[in-house]
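Below is one structure; the comments refer to it alone.
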Amino acid sequence: MVAHGGAIPPRPFLQELHRRATSFSPRHSPPHTMADASDTSALAAAASAPEEKREKKRSFTVEEKLAVVEAAKTASLRAVARRFNVDRNCVRAWRDKEAQLAELHPNARRLPGAGRRPSTGGAGSALASKRRASALAASGDGAVESNAAAKRPATQKKKPKSVAATALPTAPSLLPPSPPADFLLIGFQGKEGAFSDVAARNAFQELQEAHALSPNEFETVGYSQVSHVVDAVERGEVEFGVLPVENSISGTFHGILDRLVASHLKIVGEVACVQELCLCALPIATIGEIECLLSHPAVLDHCESYVSAMERKNGAIIDRQATWDSAGACQIVKQEGARNVAAIASEQAAAAHGLVVLERGVGDELNSETRYMILGRLDAAPLPLGAAPGTLSTSTRPPATTKSSIVVAVPNEPQALFKVVAAFALRNVMIVKIESRPAATAGSLFAAQTTHCRDYIFYIDYITSQDALAEARLRANLEEFALWVKDLGTYSSSGGGKANVEPPRWKSVCNAIAC
Numbered sequence: 004m005v006a007h008g009g010a011i012p013p014r015p016f017l018q019e020l021h022r023r024a025t026s027f028s029p030r031h032s033p034p035h036t037m038a039d040a041s042d043t044s045a046l047a048a049a050a051s052a053p054e055e056k057r058e059k060k061r062s063f064t065v066e067e068k069l070a071v072v073e074a075a076k077t078a079s080l081r082a083v084a085r086r087f088n089v090d091r092n093c094v095r096a097w098r099d100k101e102a103q104l105a106e107l108h109p110n111a112r113r114l115p116g117a118g119r120r121p122s123t124g125g126a127g128s129a130l131a132s133k134r135r136a137s138a139l140a141a142s143g144d145g146a147v148e149s150n151a152a153a154k155r156p157a158t159q160k161k162k163p164k165s166v167a168a169t170a171l172p173t174a175p176s177l178l179p180p181s182p183p184a185d186f187l188l189i190g191f192q193g194k195e196g197a198f199s200d201v202a203a204r205n206a207f208q209e210l211q212e213a214h215a216l217s218p219n220e221f222e223t224v225g226y227s228q229v230s231h232v233v234d235a236v237e238r239g240e241v242e243f244g245v246l247p248v249e250n251s252i253s254g255t256f257h258g259i260l261d262r263l264v265a266s267h268l269k270i271v272g273e274v275a276c277v278q279e280l281c282l283c284a285l286p287i288a289t290i291g292e293i294e295c296l297l298s299h300p301a302v303l304d305h306c307e308s309y310v311s312a313m314e315r316k317n318g319a320i321i322d323r324q325a326t327w328d329s330a331g332a333c334q335i336v337k338q339e340g341a342r343n344v345a346a347i348a349s350e351q352a353a354a355a356h357g358l359v360v361l362e363r364g365v366g367d368e369l370n371s372e373t374r375y376m377i378l379g380r381l382d383a384a385p386l387p388l389g390a391a392p393g394t395l396s397t398s399t400r401p402p403a404t405t406k407s408s409i410v411v412a413v414p415n416e417p418q419a420l421f422k423v424v425a426a427f428a429l430r431n432v433m434i435v436k437i438e439s440r441p442a443a444t445a446g447s448l449f450a451a452q453t454t455h456c457r458d459y460i461f462y463i464d465y466i467t468s469q470d471a472l473a474e475a476r477l478r479a480n481l482e483e484f485a486l487w488v489k490d491l492g493t494y495s496s497s498g499g500g501k502a503n504v505e506p507p508r509w510k511s512v513c514n515a516i517a518c
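In my numbering, the protein residues as written are 4 to 518.
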């Protein structure tokens, strides 16, 4: 049969055309529907991703940043980053800029130093507990939060916990109640109860008894680093700073001495303390359970013989971990809550952080003495240490001793040091200490010279001459041979208020045995 001048196509051919046309129709689903479904879910996840990123990249207040920095002092960067939901690089950057963050804080002038702990008694303790209670009330009760989580649908995602809610309970440790305006603020490095804190309180209590302070009340303020103490004194946040400069066993703390030379401060006083090292732990701990010891590296070195004896007695190796200061080690032990961890610190540090003293006198040398220098601004007057009644009998040094400290840079030539020492010898002036340091540590003072590997400067401590004319001629003679001379201050030296431990005499021991 013929239609329109052509043959009619067979029926199977028409059926095939119809099948192909309907297979590409949009009303029918294509054969690869599962792949398209996965692509659709991926697109949906990608569409929601920017919103989640915007939620994580929130801005942090100064209080929140300081809270993160404070937590990073006692925990690892990874733990702090997970706890506060923040990147580790941000934690590291905020930790390096802690001083700038403290300046930006609205209460920075009233509350200098982020390392100070709140008061543990009296009105300060009540105020701190009241702040913690209000913070917990603002963040919500834990039971209510758990019930809300149980009622939440399974498909609803839980929002990440904000840094503000986590930082609120730790805010009182960063923002302690400010002392009254008539208090004299004294800065030190470490936490409450650190050896520097004890030395500062001993020195200024002596001045307080002699009514030599104006005002006559003082309060110590802790800082996390030595440079922060120096900067606080230079800015006027605190009146004085107390820093260790030398120990009778480990020697000079060169980093602190170098920081003093580079600063615009001077020494206004010196206090020497014989400090007792104590083994501090939780009340439930015993000496036989100790597996880890925390303290300052210098303190751990002073107790090496005692720790080795503990290892032989316990039959196990004790891990030694260094911290920024001994009082901070006590704080870590308290926060960990483990009975096998202990700290070596002062008795005051143990009491301040809720620990007990398991054993006293754990140092290798019972008469280990540390010299602390009291730093003030250039216009500050020397402190009259050694003038308080009732404290002179326990002083380890003569209270009327007046010392001077200078830094001398000499040319690299023969007899240069001999000429400097001869200037003291010809005037019968006693040199207490002389120590060399690389000239690069005082690079800012070499304005016209370029320091080399073998260039040195010399720190000299000497007893100040009672003759003012002889003292002036001594300085003039030093100026003749030296490249430059920097005066670090003339000050009084006082003992630390604790007598030396008298070693046992064999004769008295034999007499006691014979009885």
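Note that the Cβ used here is the ideal one computed from N, Cα and C, for glycine as well.
Small disclaimer: the values here were computed from a predicted structure and weren't measured.
- Remark: C-beta atoms of CYS333 and ALA346 approach each other more closely than 9 Å.
- Residue environment: ILE293 is assigned as buried (16 or more neighbouring CB atoms within 10 Å of its CB, all protein chains considered).
- Counting only the Cα atoms, ALA284 lies some 10 Å from GLU362.
- With fewer than 16 other Cβ atoms from the protein chains shown falling within 10 Å of its own Cβ, ALA428 counts as exposed.
- ILE434 is positioned such that its CB atom lies closer than 9 Å to that of VAL424.
- For ASN317, the CB contacts under 7 Å within the same chain, skipping 5 residues up- and downstream, are GLY291 in chain order.
- Beta-bridge analysis with DSSP links TYR465 to SER407 and ILE434.
- Sixteen is the threshold: when 16 or more other Cβ atoms of the shown chains lie within 10 Å of the Cβ of GLN278, as they do, the residue is buried.
- Assignment of TRP487 by DSSP, reduced to helix, strand and coil, places it in the strand class.
- Around the beta carbon of ALA353, 16 or more other beta carbons lie within 10 angstroms, which makes this residue buried.
- Nearest to ASP200 by alpha-carbon distance, out of ALA475, ARG85 and GLY331, is GLY331.
- Within the same chain, and ignoring the five residues on either side of ASP322 in sequence, the residues whose Cβ sits closer than 6 Å to its Cβ are CYS295.
- CA-CA distance, HIS299 to SER329, rounds to 5 Å.
- Rounded to whole angstroms, ILE259 and PRO247 show a C-alpha spacing of 8 Å.
- Going by C-alpha positions, GLY190 is about 19 Å away from ALA348.
- The three-state secondary structure of LYS269, taken from DSSP, is strand.
- In the three-state reduction of the DSSP assignment, ILE321 falls in the coil class.
- Inside the region 325-400, DSSP marks whole alpha helix (DSSP H) runs of 4 or more residues at positions 329-339 and 350-355, from first to last along the chain.
- Less than 9 Å divides the Cβ of ALA203 from the Cβ of TYR375.
- Distance from the Cα of PRO385 is smallest, within the candidate group ASP304, LEU491 and VAL411, for LEU491.
- Counting along the chain, PRO417 sits inside no alpha helix (DSSP H), nor does DSSP assign it H or E at all.
- LEU107 sits exposed, since fewer than 16 C-beta atoms from the chains shown fall within 10 Å of its C-beta.
- The continuous alpha helix (DSSP H) containing PRO300 extends over residues 300-305.
- Only buried fits ALA426, as 16 or more other CB atoms lie within 10 angstroms of its CB.
- For SER468, the closest C-alpha among the options TYR494, ALA445 and LEU486 is that of TYR494.
- For GLY193, the three-state secondary structure derived from DSSP is coil.
- The alpha-carbon of ILE335 is positioned some 23 Å away from that of ALA102.
- Of the other Cβ atoms in all chains shown, fewer than 16 fall within 10 Å of the Cβ of ARG81; this residue is therefore exposed.
- At the C-beta level, THR64 and GLN338 stay beyond 9 Å of one another.
- Leaving aside the five residues that flank ASP261 on each side, the residues in its chain whose CB is nearer than 6 Å to its CB run, in chain order, THR444.
- DSSP assignment within the region 186-242 yields the following whole beta strand (DSSP E) runs of 3 residues or more, N-terminal first: 186-192 and 220-226.
- One thing to note: SER407 has its Cβ no nearer than 9 Å to the Cβ of ALA206.
- Counting of Cβ neighbours within 10 angstroms places LEU388 among the buried residues, the total reaching 16 or more.
- Rounded to the nearest whole angstrom, the CA to CA distance from ALA235 to ASN480 is 35 Å.
- Taking the C-beta atoms as reference points, VAL233 is found no nearer than 9 Å to LEU188.
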